[in-house]
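Each residue of the sequence shown is one higher than the one before, starting from 745 at the first, in the working numbering.
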Amino acid sequence: MTGVLIKRFMSDIRQSVRVSHALIVLPLGLIAVIMIADVVTDPGAQLGPLLVVAPAITASFAGPLLTGLIGILAVAGQALSPTLQGEAFTPGIRAQVIGIAVVSGFLVAFRYLRGRYLWQLARARSVATAAQEVLMQPLPRRSGPLRIATDYIAAEEEAQIGGDLYATVCHKGSTRLIVGDVRGKGLPAIKDTSLLLGAFHSSAYRDLSLRRMVIHLGNTMHWHWARHTNDDPEAPESFVTAVVLDIPDDVGLMEMVTCGHPPPLLLRDGKVSPLEARSPGLPLGMTTPSGDQYVVDTFGFQPGDALLLYTDGVTETRSPDGTFYPLAERVAAWDGNGGPDRLVQYVRKDLLAHAGGHIDDDAAVVVVERLPSTI
């Protein structure tokens, strides 16, 4: 137990030192100044109770042990004040000492409970992050004639892990790609993401048409949430927005099915065009899919073309004055040099600059470029 306390104390000291040496000196200096002022001024001034400010300041930047140490010094200073002044230890002084001790105790308890909460929050987030990293394996940099780059922009530290997802499978001369967003946050969203990605990978090798593959994904999520209606009150309201692509290696075309997801952006000859679906389908899992619910759209995708897919965490990011991030406009301003890797870096940097340094929701960006057949 003593070893644990020593480790906590040393950790507390290191935390304080990392913040600033000046912050540690501040409460100590304050105690010294108040005690000196209490000695040199009229005894009736009663400056001793101001010593409680020292542990209060310490609690704003240090842990419970250092806060307690400063509290002890404040109590000792108030107890010694009559002796230094040559006065008697009156009941009033005793009450002031007890008052500083009680307030210091509350401050120590506050710092302990807050530190425990932050530790639990960090632990939960680290578990969620680890689980998400296992699920969200980096996409291959090459898939047939395609060059791929991805970026996952995490929200600020206090936010929960979101349900953004992406995956790709190269099979029999074509690449199938999904980018989506599961409703919800935290571990439940990661569980749903795991199920959907498993269904995507398995169905990609079953030689299903793109339409039948999307129907299979919709059925998988709908049946999953239907089974958990009784134990999960949010299951009936759960869904996944997604865009699913099939890009053949040897044909300058691609097929797309949109399930309530923002349209991809096509970059061609310096121009940016959203690929709007003729009849966007419902998000996956909302209903039992029917044969005509999902429409397959075909678009040209020639060598030199690039496709930018993203989740709504990108377009719903706001600036400090409340303006949404204008993705298409900002991508159109990109100089076009450097390929997919440079583009995802450009979007990340520009998005964070627009948001003032941090975003409130996780965001995923995937860029796919078709290379000439000779590369």
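C-beta atoms are modelled at their ideal positions from N, C-alpha and C, and glycine is treated no differently. These numbers were taken from a predicted model, which means no experiment stands behind them.
> Could you give the residue range of the beta strand (DSSP E) that holds G928?
Replying inline: Residue 928 sits at position 184 when you count from the first residue of the sequence shown. From DSSP, the beta strand (DSSP E) with G928 extends over S918 to K929.
> Thinking C-beta only, is I814 closer than 8 angstroms to P799?
Replying inline: The residue given as residue 799 occupies position 55 in the sequence shown. The residue given as residue 814 occupies position 70 in the sequence shown. Yes.
>> Less than 8 angstroms between the C-beta atoms of N963 and P1018, yes or no?
In response: Stepping through the sequence shown from its first residue, residue 963 is reached at position 219. Stepping through the sequence shown from its first residue, residue 1018 is reached at position 274. No.
>> Among P826, G849, V847 and S848, whose alpha-carbon lies nearest the alpha-carbon of R838?
In response: Within the sequence shown, the letter at position 94 stands for residue 838. The shortest Cα separation from R838 among P826, G849, V847 and S848 belongs to P826.
> Taking only runs of the beta strand (DSSP E) that begin and end inside the segment 976-1017, which ones reach a length of at least 3 residues, in chain order?
Replying inline: 984-992, 997-1003 and 1009-1012
> Starting from Y896 and walking both ways along the beta strand (DSSP E), at which residues does that stretch end?
Replying inline: As a working note, residue 896 is residue 152 in the sequence shown. From DSSP, the beta strand (DSSP E) with Y896 extends over L890 to I897.
> Can you tell which of I780, G888, A898 and N1081 has the C-alpha that lies nearest to the C-alpha of G917?
Replying inline: Taking the first residue of the sequence shown as 1, we reach residue 917 at position 173. When each option's Cα is compared against that of G917, the closest is G888.
> At what residues does the beta strand (DSSP E) containing Y1054 begin and finish?
Replying inline: On the sequence shown, position 310 is the one that residue 1054 refers to. Element bounds for Y1054: A1050 to Y1054.
> So who's on the other strand from L1028, going by DSSP bridges?
Replying inline: In the sequence shown, counting from the first residue as 1, residue 1028 sits at position 284. Beta-bridge pairing links L1028 to V984.
> What residue does the beta strand (DSSP E) around S1044 start on, and which one ends it?
Replying inline: What you label residue 1044 is simply residue 300 of the sequence shown in a count that begins at 1. Looking at the sequence provided, one finds Gly at residue 1044 rather than Ser. From DSSP, the beta strand (DSSP E) with G1044 extends over D1041 to G1044.
>> Please classify R1022 as buried or exposed, where buried requires at least 16 other C-beta atoms within 10 Å of its C-beta.
In response: Sequence index remark: in the sequence shown, residue 1022 carries index 278 (1-based). So R1022 ends up on the exposed side.
> By a C-beta neighbour count over all protein chains shown, 10 Å radius and 16 as the cutoff for buried, is F1134 buried or exposed?
Replying inline: Outside the displayed range of the chain (745 to 1119) lies residue 1134, so it cannot be described from this structure.
> Quick check: the segment 1098-1110 against the segment 995-1007, are there 3 or more CB pairs under 8 angstroms?
Replying inline: no
>> Considering only their Cβ atoms, is the gap separating A818 from I775 smaller than 8 angstroms?
In response: Your numbering for residue 775 matches position 31 in the sequence shown. Your numbering for residue 818 matches position 74 in the sequence shown. Yes, Cβ-Cβ distance for I775 and A818 is below 8 angstroms.
>> Which of the three DSSP states is assigned to D782 in this structure?
In response: Stepping through the sequence shown from its first residue, residue 782 is reached at position 38. It is helical.
> For G1044, which residues from the same chain have a beta carbon less than 7 angstroms from its beta carbon, with the 5 sequence-adjacent residues on both sides left out?
Replying inline: On the sequence shown, position 300 is the one that residue 1044 refers to. Here the set comprises G996 and L997.
> Just the Cα atoms here: how many angstroms apart are V1112 and G907?
Replying inline: By 1-based counting over the sequence shown, the position of residue 1112 is 368. By 1-based counting over the sequence shown, the position of residue 907 is 163. Those two C-alpha atoms are separated by around 21 angstroms.
> I think V694 touches L828, with their Cβ atoms under 8 angstroms apart; what is that distance to the nearest whole Å?
Replying inline: Because the chain is modelled from 745 through 1119, residue 694 falls outside the range shown and cannot be assessed.
> If you draw a straight line from the alpha carbon of L791 to that of I780, how long is it in whole angstroms?
Replying inline: For the purposes of this step, residue 791 is taken as the residue at position 47 of the sequence shown. For the purposes of this step, residue 780 is taken as the residue at position 36 of the sequence shown. Going by the C-alpha atoms only, they are around 10 angstroms apart.
> Shortest alpha-carbon distance to V1039 belongs to which of E877, L954, L770 and T785?
Replying inline: Numbered from its first residue, the sequence shown carries residue 1039 at position 295. When each option's Cα is compared against that of V1039, the closest is L954.
>> Please classify P1047 as buried or exposed, where buried requires at least 16 neighbouring CB atoms within 10 angstroms.
In response: By 1-based counting over the sequence shown, the position of residue 1047 is 303. That one is exposed.
> Tell me which same chain residues have a C-beta within less than 6 angstroms of the C-beta of G1025, skipping the five on either side of it?
Replying inline: As a first step, residue 1025 must be located in the sequence shown, where it is residue number 281. Within the same chain, G1025 has close Cβ partners C1003, Q1037 and Y1038.
> Just the Cα atoms here: how many angstroms apart are S947 and P1070?
Replying inline: To locate residue 947, count along the sequence shown from 1; it is residue 203. To locate residue 1070, count along the sequence shown from 1; it is residue 326. The straight-line gap from Cα to Cα measures roughly 35 angstroms.
> When the Cα atoms are used, what is the spatial distance from H1102 to R1062?
Replying inline: By 1-based counting over the sequence shown, the position of residue 1102 is 358. By 1-based counting over the sequence shown, the position of residue 1062 is 318. Distance between the alpha carbons of H1102 and R1062: 10 angstroms.
>> Does F1068 come out as helix, strand or coil in the three-state DSSP assignment?
In response: The sequence position of residue 1068 within the sequence shown is 324, counting from 1. F1068: strand per DSSP, three-state reduction.
> With distances taken from CA atoms, which of L989, T802 and L1009 is nearest R1074?
Replying inline: Locating residue 1074 in the sequence shown gives position 330, where the first residue counts as 1. With distances taken between Cα atoms, R1074 lies closest to L1009.
>> Please report the straight-line C-alpha distance between T1067 and L1051, rounded to a whole angstrom.
In response: For the purposes of this step, residue 1067 is taken as the residue at position 323 of the sequence shown. For the purposes of this step, residue 1051 is taken as the residue at position 307 of the sequence shown. Answer to the nearest angstrom: the Cα atoms are 25 angstroms apart.
> Between which two residues does the alpha helix (DSSP H) carrying A1099 extend?
Replying inline: In the sequence shown, the residue the question calls residue 1099 occupies position 355. Unbroken alpha helix (DSSP H) run through A1099: G1083 to A1099.
>> Counting C-beta neighbours from all protein chains within 10 Å, is the total for V796 16 or more, i.e. buried, or is it exposed?
In response: As a first step, residue 796 is located in the sequence shown; it is residue number 52 there, counting from the start. It is buried - the Cβ of V796 has at least 16 other Cβ atoms within 10 Å.
> Per DSSP, H1102 forms a beta bridge with which residues?
Replying inline: Walking along the sequence shown from the start, residue 1102 turns up at place 358. BP columns for H1102 are empty, so no partner.
> Assuming L909 contacts G924 under a Cβ cut-off of 8 angstroms, what Cβ separation, rounded to an integer in Å, is found between them?
Replying inline: As a first step, residue 909 must be located in the sequence shown, where it is residue number 165. As a first step, residue 924 must be located in the sequence shown, where it is residue number 180. With 8 angstroms as the limit, L909 and G924 qualify as a contact, their Cβ atoms being about 5 angstroms apart.
> So which of D994, V1088, F805 and R858 has the shortest CA-CA distance to L1115?
Replying inline: The residue given as residue 1115 occupies position 371 in the sequence shown. Answer by Cα proximity: D994.
>> Helix, strand or coil, according to DSSP, for G1080 in the structure here?
In response: Locating residue 1080 in the sequence shown gives position 336, counting from the first residue. DSSP places G1080 in coil when its eight states are reduced to three.
>> Given this structure, state the Cα-to-Cα distance separating Q1089 from V777, to the nearest angstrom.
In response: In the sequence shown, the residue the question calls residue 1089 occupies position 345. In the sequence shown, the residue the question calls residue 777 occupies position 33. Answer to the nearest angstrom: the Cα atoms are 52 angstroms apart.
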